[in-house]
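Some notes on the structure that comes next.
In our numbering, the protein residues as written are 79 to 557.
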């Protein structure tokens, strides 16, 4: 376990470095590009995000959860992902004009065409990357990720500065894929094969179908705002809502890459060793919620100062959607590990049931309540998330054997800690005079952080107990 903690710490540092890079880039691009530019790219990226699910065909997840990985299985995985990726690339390229016609925005066609080219090269980095993650080779994956990120940032800034406009991120994305393929193969311990095979493809395909069902539904869920706003409103509205989403994700962007890196292979290993998966899911859910729920709450309270400080006044309308998206995201945090746990036990398709219900409810509620404002649209998404919760609870109980009482015992103390932190933040907010955005954020954040630490320790939340024990071990004299 100590080895896993150490690797998680290394991955957390590396992913945070990448997060800082992406974050800094978003601030720069917010001043070099317009909401219309961002909106056109977002409308194009919806289709590509969904296509990514099908090009992978669950191959990465298949590799990450395997107890034993043979050279024949690797070559078969490469064959499957090459076939699916190249097929998707062709379909994207041929369908780009139809996607542009769906939105009535001709600029979308060119963006999709460039993004489609990336699918030609992805297989050569996807397989060695999945093998490194399966083996928890965090240092090597970090080196590859940081190197390709440096190339991506440089390309994005140069393209935007030179006036590439809405095409900036399309070309930068293609350059990023090429750089990552080169970097990931460079750091790999064993050279992944470049000659594919389709022997044994049916075993991979059977697993992949279940993974695709869930992953495509998740991609569709992420695409709902851009698709609906793209149809019902304007590219600028899509861009503003995208900025609201990215602001909400600031709270998780420092942590989730590392969590995503470990979740599936770690839970799969517990399953293979016949350990108590339900108890571990509850414990790590408590860890995650302890870190993210208070951060989301503060993001909701400080929506306007954050937007003003990071992006400027032209993005201020996006702040109206942020509090509601924070609540919706917080509900998702409480069930984040359901999907990797189901995939880890070899049943990825089961996660599709709550996701399908969530999508249907969100679309219905959003269509019913939307009045043209971003705030109402965000409220409808939050309401849809809430209505779908019982389905996720049932799936956890039925297939992961996480009882409602067991889940509540892990979640309620975290909710109490979050409520105390929010109460303190609202009190400070009420007492604060008007001030510049950055000073406002700091003046509210520091006392809220103090309350969070005190409540986490006083309520003996698992994360507080873990950190306290770790500090005690460090202070203890060595024998």
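Cβ atoms here follow ideal geometry from the backbone N, Cα and C, with glycine treated the same way.
These figures come from a predicted structure and were not determined experimentally.
*State the start and end residues of the unbroken alpha helix (DSSP H) segment that holds residue 425.*
No alpha helix (DSSP H) holds residue 425; DSSP gives it neither H nor E.
*In terms of residues, what are the limits of the alpha helix (DSSP H) holding residue 446?*
430–447
_For residue 538, count the other beta carbons within 10 Å of its own beta carbon; 16 or more makes it buried, fewer makes it exposed. Which is it?_
exposed
*Beta-carbon proximity list for residue 457, same chain, < 8 Å, skipping 5 on both sides*: 402 and 447
*For the alpha helix (DSSP H) that residue 525 lies in, which residues bound it at each end?*
515–536
*Assess, as a yes-or-no matter, whether the region 504–518 is touched by the region 371–387 under the definition of 3 or more beta carbon pairs within less than 8 Å.*
yes
*Express the C-alpha separation of residue 252 and residue 316 in angstroms, rounding to a whole number.*
23 Å
*Distance between beta carbons of residue 89 and residue 228, contact taken as under 8 Å*: Actually they do not touch by this definition, with Cβ atoms about 18 Å apart.
*Less than 8 Å separating the beta-carbons of residue 342 and residue 421?*
yes
_Between the CA atoms of residue 240 and residue 436 - distance to the nearest angstrom_ = 42 Å
_Whole angstroms are fine: how far does the CA of residue 412 sit from the CA of residue 186?_
36 Å
*Can you tell me the Cα-Cα spacing of residue 297 and residue 129, whole angstroms?*
9 Å
*Kindly list the residues whose CB is nearer than 7 Å to the CB of residue 199, restricted to its own chain and excluding five residues on each side of it in sequence; keep chain order.*
255, 256 and 259
*Can you give me the Cβ contacts of residue 330 inside the same chain, cut-off strictly under 6 Å, excluding the 5 residues immediately before and after it?*
370
*State the Cα-Cα distance for the pair residue 312 and residue 295, rounded to the nearest angstrom.*
25 Å
*Extent of the continuous alpha helix (DSSP H) to which residue 339 belongs*: 334–350
*Can you have a look at residue 179 and say buried or exposed, based on whether 16 or more other CB atoms are within 10 angstroms of its CB?*
exposed
*Under a Cβ-count criterion, where at least 16 other Cβ atoms within 10 Å of its own Cβ denotes burial, should residue 531 be classed as buried or exposed?*
exposed
_According to DSSP, is residue 512 part of a helix, a strand, or is it coil?_
coil
*Closest by C-alpha distance to residue 177, when choosing among 210, 308, 211 and 319*: 308
*Quick check: the region 347–363 against the region 481–491, are there 3 or more CB pairs under 8 Å?*
yes
*Under 8 Å between the Cβ atoms of residue 165 and residue 208?*
no
_Pick from 314, 466, 547 and 498 that is closest to residue 118, judged by C-alpha positions_ = 314
*Since residue 318 and residue 393 are thought to touch, with beta carbons under 8 Å apart, how far apart are those beta carbons, to the nearest angstrom?*
7 Å
*Rounded straight-line distance, which links the Cα of residue 103 to that of residue 217*: 24 Å
*For residue 262, the first and last residue of its enclosing alpha helix (DSSP H)*: 246–265
*asked:* What ranges does the alpha helix (DSSP H) occupy inside the region 139–222, keeping only unbroken runs of at least 4 residues that lie completely in it?
replied: 149–181, 185–199 and 201–212
*Which residues mark the beginning and the end of the alpha helix (DSSP H) in which residue 391 is found?*
That residue, residue 391, is in no alpha helix (DSSP H); it is neither H nor E in DSSP.
_If I follow the unbroken alpha helix (DSSP H) through residue 457, where does it start and stop?_
452–465
*Let me know if residue 354 comes out buried or exposed under the rule of 16 or more other beta-carbons within 10 Å of its beta-carbon.*
exposed
*Over the uninterrupted alpha helix (DSSP H) stretch that includes residue 407, give me the two end residues.*
400–411
_Status (buried if at least 16 other CB within 10 Å, exposed otherwise) for residue 95_ = exposed
*Can you grab the Cα-Cα spacing for the pair residue 425 / residue 230, in whole Å?*
36 Å
_Once DSSP output is grouped into helix, strand and coil, what is the label at residue 79?_
Its pLDDT being 48, under 50, residue 79 is placed unreliably by the model, and the measurement read from it follows with that caveat. Here residue 79 sits in coil by DSSP.
*Near residue 115, which residues of its chain fall below 8 Å by C-beta distance, leaving aside the five closest residues on each side in sequence?*
243, 244, 246 and 317
*Return the first residue and the last residue of the alpha helix (DSSP H) that residue 358 is part of.*
355–379
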